[in-house]
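Protein chains: 2
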Amino acid sequence: MRKSIATVSVSGSLTEKLEAVARAGFDGVEIFENDLLGCPLPPERIRERAEHLGLRVEAYQPFRDFEAVAPDRLADHLRRAEHKFRVMERLGTDLMLVCSNTSPGCADDDALAAEQLRRLAERAADHGIRVAYEALAWGRHVDTYLHGWRIVRMADHPNLGTCLDSFHILSRGSDPGGIEAIPGDRIFLLQLADAPLLAMDVLQWSRHYRCFPGQGGFDLTGLLAHVLRTGYAGPLSLEIFNDGFRQADAGRTAVDAMRSLIALEESVARVLGTGSPLPRPAQPEGFAFAELATRDHKRLGGLLGALGFARTGQHETRPIELWEQGRARILLSRVHPESPTDTSLVAIGLESADPALSAERAQALLAPVLARHRAPGEARLDAVAAPDGTELFFCDTGRAVWREPFDAVSPPSGHVGRIDHVALGHPWDQFDEAALFYRAVLGLQPHESVEVADPYGLLRSRAMSDAAGAVRLTLDIAPVGARALPGQHIALADDDIVATARRLRALPDDVLLPVPGNYYDDLRARFDLGEERHRELRELRLMYDRDEYGEFLHLFTVTVGRVFFEIVQRVGGYRGFGTDNAPVRLAAQHTPAPSPAPAGDGD
Amino acid sequence: MRKSIATVSVSGSLTEKLEAVARAGFDGVEIFENDLLGCPLPPERIRERAEHLGLRVEAYQPFRDFEAVAPDRLADHLRRAEHKFRVMERLGTDLMLVCSNTSPGCADDDALAAEQLRRLAERAADHGIRVAYEALAWGRHVDTYLHGWRIVRMADHPNLGTCLDSFHILSRGSDPGGIEAIPGDRIFLLQLADAPLLAMDVLQWSRHYRCFPGQGGFDLTGLLAHVLRTGYAGPLSLEIFNDGFRQADAGRTAVDAMRSLIALEESVARVLGTGSPLPRPAQPEGFAFAELATRDHKRLGGLLGALGFARTGQHETRPIELWEQGRARILLSRVHPESPTDTSLVAIGLESADPALSAERAQALLAPVLARHRAPGEARLDAVAAPDGTELFFCDTGRAVWREPFDAVSPPSGHVGRIDHVALGHPWDQFDEAALFYRAVLGLQPHESVEVADPYGLLRSRAMSDAAGAVRLTLDIAPVGARALPGQHIALADDDIVATARRLRALPDDVLLPVPGNYYDDLRARFDLGEERHRELRELRLMYDRDEYGEFLHLFTVTVGRVFFEIVQRVGGYRGFGTDNAPVRLAAQHTPAPSPAPAGDGD
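For the protein sequence lines, the chains are A and B, in the order given.
Counting in the UniProt record's numbering, the first sequence tops out at residue 603, every number present.
Counting in the UniProt record's numbering, the second sequence tops out at residue 603, every number present.
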């Protein structure tokens with residue numbers, strides 16, 4: 001299937017847009033009128049540019065408020081159209097997108113609309129141009145795709161077809177099954193857009209909140225299956241009005257867009273039972289390791305030691321330490337000299353039954369493949385970059401090749417058994433991109449997106465996990481426009497968190513995040529835990545949550561650079577992440593440490 | 001009237017919030033539960049802090065999902081309440097806000113709700129605490145204020161009253177006239193929030209889009225008048241859930257909040273015919289001058305000269321030049337050495353019939369008064385800082401005191417007669433604050449807010465003007481999260497823009513912004529202007545617009561630093577600002593100048 005994108009979907013000048021979408025591998029573009037008007041190049045030169053970049057100009061759009069008008073207005077509307085036809089000829093495209101009329105003056109008269117669209121199609125035919133009529137969800141009288149199609153059928157001209165736009169169909173709640181009644185060769189264009197399921201004015205929803213397929217709540221796979229069953233042979237064309245994409249890096253957006261289409265092609269192939277060119281997803285089977293880069297090995301090593309980890313190995317040729325406890329493994333490497341933070345999470349090792357296949361799939365989904373400088377003789381490790389720059393290594397579950405250069409002693413056993421989850425911090429505009437990446441590349445399923453009040457802004461957070469909970473990631477997103485990134489953390493699964501907390505409280509160095517007393521006073525109101533349990537939680541700085549499946553106990557360490565650790569114990573089948581406690585934790589993380597003496601204020 | 005604000009309305013730790021709202025002049029606060037929970041201070045210390053800052057703790061909130069439950073749940077809910085009562089005693093507040101139950105388990109049974117609330121009020125009375133019951137717009141069964149009031153009346157306990165929240169009343173479209181049926185002493189709390197008129201899910205609307213009175217679309221003056229007629233003597237308390245405020249500077253938000261209440265008090269005093277403590281608004285009568293600070297006097301002077309301005313004076317004691325044409329006056333001063341831009345708009349002189357009164361009003365509305373360093377003997381100039389930092393000078397319409405130190409020659413007369421409007425550029429989060437400032441301080445009326453597509457993000461723009469059009473400002477707002485600020489410009493009214501444009505085209509230095517040819521091709525489709533007129537526009541780089549009142553011709557100069565000039569001619573009664581042309585103008589401003597030779601690409 002040809003892959004196309006409307007130029008309105010990415011940021012920049014028209015020439016920048018064309019370059020970005022060509023680089024991401026698109027076959028074609030729809031030229032959005034405003035992008036043409038603001039471009040200093042005449043249409044002929046834009047056509048050359050596109051050709052040079054291997055891009056077909058699939059359509060010129062939109063032409064508005066044409067049909068179902070009083071007969072005396074028609075001449076002026078045809079005059080407008082003639083000007084557009086001339087631009088299209090110069091631009092080298094033969095498809096004009098006409099939106100259903102939204103103006104108050106147009107008539108609720110299908111026969112009139114059809115007659116006037118036929119006139120338009122006749123004129124278009126003189127220029128070798130085809131017209132695709134699209135029912136806008138907020139069209140004055142024509143606002144459903146089947147109504148639009150009835151008018152096209154009534155007009156009955158070979159140069160007039162319909163344009164289907166998934167947003168206009170699904171936002172109205174129309175049943176897309178009716179698409180199969182339309183002959184595929186009368187669907188001149190298929191525009192694809194997803195959107196989060198919002199209860200709001202459909203025009204505002206469409207103009208600001210569209211997103212790429214798989215990033216919202218619409219069933220685009222089902223819709224595309226219906227369209228393909230008609231025999232439609234045109235492009236899959238993304239038309240995404242999104243405030244964020246308008247200002248994001250064009251190259252990055254174009255890759256995100258292309259990834260969404262590749263993933264959509266795969267899922268529709270599954271529905272239709274046709275073959276997919278993608279390697280099948282090899283779900284990660286656990287965390288092989290997490291790697292922290294730091295300027296302060298001593299401090300971080302001290303913290304890991306306090307948590308019960310031991311340094312089990314040193315990389316043969318590179319300055320990387322391996323710290324272990326049970327099956328929880330942390331690598332400590334040196335931070336890049338130019339890094340703005342002294343400590344951050346830089347890599348995650350994911351166990352895979354077939355690392356090469358996992359990497360191949362990631363690459364097919366446009367994840368940047370990382371070239372690691374390796375010493376001669378070192379084993380190959382397959383790695384790609386995640387959206388936030390974290391390196392993802394695919395590690396053989398059966399044979400820990402990555403561990404070989406460490407020549408490590410046996411890990412100590414303690415209460416910490418493994419990594420429960422890893423929380424990654426993203427800038428405010430990477431929410432949808434990151435979720436799509438982990439879903440498509442790793443096959444993780446998104447949990448509900450939640451909002452968490454930080455004292456300095458609203459964070460968003462979304463967990464992603466496989467069904468078994470072997471790999472859980474939480475994607476934390478900075479407040480809109482914020483420059484600082486959220487913290488990153490590694491949550492460690494503990495089988496006796498009370499014992500661990502007691503040991504940590506007894507240490508001379510205070511490594512635990514203080515929790516406000518007001519939290520514990522309120523906990524007493526929230527849950528009837530009994531006085532003794534309550535006192536223990538307060539004393540040990542443990543936070544508490546409960547869901548219908550079980551209980552959750554957790555504690556946090558102080559933060560080093562961008563990184564902190566969480567110790568968690570899931571009792572019963574608790575499925576969450578203690579999100580109700582997150583605002584208090586965030587407030588505590590912002591609270592300056594009390595001055596040691598004399599007895600200070602505490603804030 | 002006491003003025004209060006809920007701590008959720010501003011950013012920061014609880015102690016930072018208290019300090020910010022005290023500094024802005026508030027009398028009290030509602031303590032939002034999450035702010036308390038995250039605070040390291042115990043409630044007693046928070047109480048001391050508030051007292052020390054002169055703040056009364058008006059309420060503790062919210063207590064949720066209490067009433068109309070199965071009898072076996074009541075004991076647990078009362079247990080919860082007892083914990084909150086104890087916290088409130090320590091906090092030193094006697095008012096608890098209880099929201100109508102939203103949980104699926106509660107019964108649609110007013111008698112049960114009333115009985116259980118009565119039980120709560122009895123317990124509260126033992127602690128000297130009062131309970132204010134509030135109907136949430138999304139309450140499960142109780143979602144209108146009159147329904148809430150009926151239940152309070154039915155419960156009939158002196159410690160139970162109602163809380164009215166303007167958002168919950170007006171978002172539901174309830175008639176606020178019914179408020180007058182409630183005895184004022186049974187209204188325990190009035191919460192005020194405005195909001196833009198959005199068609200969306202009311203919960204999301206409430207949680208993210210509330211704003212300060214006068215910044216949205218609700219008639220808060222009318223609602224407040226109803227409340228005051230009941231004899232209500234409690235505080236006006238702002239409870240604003242707004243994603244922007246959560247992350248903005250707390251001090252700035254608190255001042256914005258206080259300004260909104262002062263302006264609301266004035267407008268309600270007008271409705272009730274009571275006296276207002278504010279000096280009456282003295283509407284500006286025209287632009288006295290605009291001041292540009294620059295590192296490059298020569299370049300800017302050259303540009304002004306090309307536009308027909310002459311340097312008519314030099315400040316006696318300071319390095320400021322006066323440039324004039326007709327009644328358009330531009331001051332050129334030296335840029336602050338630490339300014340990041342080489343040229344920016346720094347001040348506007350506004351003609352006022354009573355400058356001292358205008359300044360007094362601005363000060364009463366918390367505009368920062370500017371202390372200008374003046375030479376001895378210089379006349380006093382009243383000036384305040386606008387939200388974007390622009391200095392606003394109030395200048396006597398009758399006697400141009402500001403002009404005296406220039407000892408200037410007579411201005412030349414040309415086609416430019418006066419300043420038509422000035423466009424100010426704001427960061428993305430100052431939209432509502434700026435509009436409220438100009439409306440309250442200067443008495444300007446807001447036009448419709450519009451969105452303008454820049455190639456690198458969506459700008460918002462809102463014009464503000466007096467009824468006569470003597471002073472027009474446009475507030476341009478950067479895309480969400482963008483670091484760069486929009487350009488600033490001075491638009492000059494011209495009585496023969498064609499002659500001016502012809503002269504400018506003939507100059508050896510090209511000072512006009514190039515306009516893409518595609519714009520003119522499309523203009524032919526948009527308007528039937530005739531070939532000759534069309535050719536003239538294209539040749540002279542004039543842009544064109546039309547509304548129901550008349551025509552608009554405009555052109556733009558190149559940009560120097562952050563600043564460019566626009567020349568405009570309003571033909572007939574055209575009221576707009578040529579906004580339809582703004583995307584093309586913005587695209588042209590982003591287009592790099594073509595290299596001089598050999599004939600380049602143009603982009």
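Each residue gets a CB set at the ideal place from its N, CA and C atoms; glycine is no exception.
Everything numeric in this text was worked out from a predicted model, so none of it was measured.
Extent of the continuous beta strand (DSSP E) to which residue i belongs
{"i": "residue 330 of chain B", "result": "328–334"}
{"i": "residue 481 of chain A", "result": "Residue 481 of chain A -> no beta strand (DSSP E), and no H or E assigned at all."}
{"i": "residue 294 of chain A", "result": "286–294"}
{"i": "residue 490 of chain A", "result": "488–494"}
{"i": "residue 96 of chain A", "result": "95–99"}
{"i": "residue 314 of chain A", "result": "310–314"}
Minimum Cβ-Cβ distance from residue i to chain A less than 8 Å
{"i": "residue 61 of chain B", "result": "no"}
{"i": "residue 375 of chain B", "result": "Its pLDDT being 49, under 50, residue 375 of chain B is placed unreliably in this model, and the value from its coordinates should be taken loosely. Not one chain A Cβ lies under 8 Å of residue 375 of chain B."}
{"i": "residue 525 of chain B", "result": "yes"}
{"i": "residue 87 of chain B", "result": "yes"}
{"i": "residue 37 of chain B", "result": "yes"}
{"i": "residue 299 of chain B", "result": "no"}
{"i": "residue 235 of chain B", "result": "no"}
Residues that residue i contacts on chain B, provided the C-beta gap is smaller than 9 Å
{"i": "residue 479 of chain A", "result": "243, 246, 247"}
{"i": "residue 34 of chain A", "result": "453, 583, 584, 587"}
{"i": "residue 12 of chain A", "result": "455, 456, 590"}
Distance between residue j and residue i (C-alpha atoms, nearest Å)
{"i": "residue 558 of chain B", "j": "residue 42 of chain B", "result": "59 Å"}
{"i": "residue 587 of chain A", "j": "residue 246 of chain B", "result": "13 Å"}
{"i": "residue 157 of chain B", "j": "residue 95 of chain B", "result": "14 Å"}
{"i": "residue 370 of chain A", "j": "residue 427 of chain B", "result": "38 Å"}
{"i": "residue 202 of chain B", "j": "residue 393 of chain B", "result": "42 Å"}
{"i": "residue 233 of chain A", "j": "residue 1 of chain A", "result": "7 Å"}
{"i": "residue 334 of chain B", "j": "residue 340 of chain B", "result": "13 Å"}
{"i": "residue 451 of chain B", "j": "residue 127 of chain A", "result": "35 Å"}
{"i": "residue 551 of chain A", "j": "residue 15 of chain B", "result": "33 Å"}
{"i": "residue 585 of chain A", "j": "residue 515 of chain A", "result": "7 Å"}
{"i": "residue 159 of chain B", "j": "residue 67 of chain B", "result": "16 Å"}
{"i": "residue 629 of chain A", "j": "residue 74 of chain A", "result": "Outside the modelled stretch of chain A, which goes from 1 to 603, sits residue 629 of chain A, for which no answer is possible."}
{"i": "residue 35 of chain B", "j": "residue 289 of chain B", "result": "47 Å"}
{"i": "residue 591 of chain B", "j": "residue 30 of chain A", "result": "22 Å"}
{"i": "residue 602 of chain A", "j": "residue 421 of chain B", "result": "Caution applies to residue 602 of chain A, whose pLDDT of 39 falls short of 50 and renders its modelled position unreliable; the value that the coordinates give is listed next. Whole-angstrom Cα-Cα distance: 52 Å."}
8 Å Cβ cutoff, residue i in contact with chain B
{"i": "residue 456 of chain A", "result": "yes"}
{"i": "residue 518 of chain A", "result": "yes"}
{"i": "residue 80 of chain A", "result": "yes"}
{"i": "residue 387 of chain A", "result": "no"}
{"i": "residue 428 of chain A", "result": "yes"}
Span of the alpha helix (DSSP H), counted from its first residue to its last, around residue i
{"i": "residue 166 of chain A", "result": "166–170"}
{"i": "residue 660 of chain B", "result": "Residue numbering for chain B in the displayed model covers 1 to 603; residue 660 of chain B lies beyond these limits and cannot be assessed."}
Per-residue contacts from residue i into chain A (C-beta, under 9 Å)
{"i": "residue 198 of chain B", "result": "200, 201, 204"}
Cross-chain neighbours of residue i in chain A, by beta carbon under 7 Å
{"i": "residue 482 of chain B", "result": "247"}
{"i": "residue 3 of chain B", "result": "Under the 7 Å cutoff, chain A gives no residues; its nearest Cβ is about 23 Å from residue 3 of chain B."}
Listed by chain order, chain A residues near residue i by CB distance under 8 Å
{"i": "residue 83 of chain B", "result": "521, 522, 524, 525"}
Quiz item: Can we say the stretch 90–107 of chain B touches the stretch 45–63 of chain B, given the rule of at least three CB pairs closer than 8 Å?
Solution: When Cβ pairs closer than 8 Å are counted between the two stretches, the stretch 90–107 of chain B is seen to touch the stretch 45–63 of chain B, the count reaching three or more.
Practice problem: Count the C-beta pairs between the stretch 482–496 of chain B and the stretch 564–584 of chain B that are closer than 8 Å, then say yes if the count reaches three, no if not. | Solution: The stretch 482–496 of chain B vs the stretch 564–584 of chain B: in contact.
Quiz item: Taking three-plus beta-carbon pairs below 8 Å as touching, is the stretch 241–258 of chain A in contact with the stretch 220–233 of chain A?
Solution: No: fewer than three Cβ pairs fall under 8 Å.
Self-check item: Given 8 Å, three or more beta-carbon pairs between the stretch 300–316 of chain B and the stretch 325–333 of chain B
Solution: Taking 8 Å as the limit for Cβ pairs, the verdict is that the stretch 325–333 of chain B does touch the stretch 300–316 of chain B.
Quiz prompt | Stretch pair the stretch 270–280 of chain B + the stretch 342–361 of chain B: three plus CB contacts closer than 8 Å | solution = Yes, the stretch 270–280 of chain B touches the stretch 342–361 of chain B.
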